[in-house]
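Read the structure below first, then the notes.
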Amino acid sequence: MGKKAKPKAKHAVEEPVEAELVAEAAYYARKCGITIHEAAKIIREAHGPKLSIVRKDKGR
1001 MGKKAKPKAK HAVEEPVEAE LVAEAAYYAR KCGITIHEAA KIIREAHGPK LSIVRKDKGR
């Protein structure tokens, strides 16, 4: 039987993304005159899941 993946590996993948987000948020916060937290929130919302529209009436 296989072993479970260690939780450490999952956190190692997320750290560079957060560091990149902080750097990008700091840049836009300086440019726009907002706080880093506000800029990070805007960036997270912009990178959210993309929804696709599926039409129910495909025959038209």
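Going by my numbering, the letters in the sequence shown line up with residues 1001 to 1060, in that order. Beta carbons are placed, not taken as given, at the ideal position from N, Cα and C, and that holds for glycine. Note that this is a predicted model, so its numbers are computed, not measured.
With distance defined between alpha-carbon atoms, name the residue in the options nearest to residue i.
i: K1041; options: R1055, E1024, G1002; result: E1024
Using a Cβ cut-off of 8 angstroms (strictly closer), state whether residue i contacts chain C.
i: I1034; result: Within the model displayed, chain C is absent; a lone protein chain is all it includes.
According to DSSP, is residue i helix, strand or coil?
i: H1037; result: helix
i: V1022; result: helix
i: R1055; result: coil
i: K1004; result: coil
With a cut-off of 8 angstroms on the beta carbons, I'd call residue i and residue j a contact; round off their distance for me.
i: I1036; j: A1026; result: 5 angstroms
i: I1053; j: L1021; result: About 28 angstroms separates the two Cβ atoms, so there is no contact after all.
i: A1029; j: A1039; result: 4 angstroms
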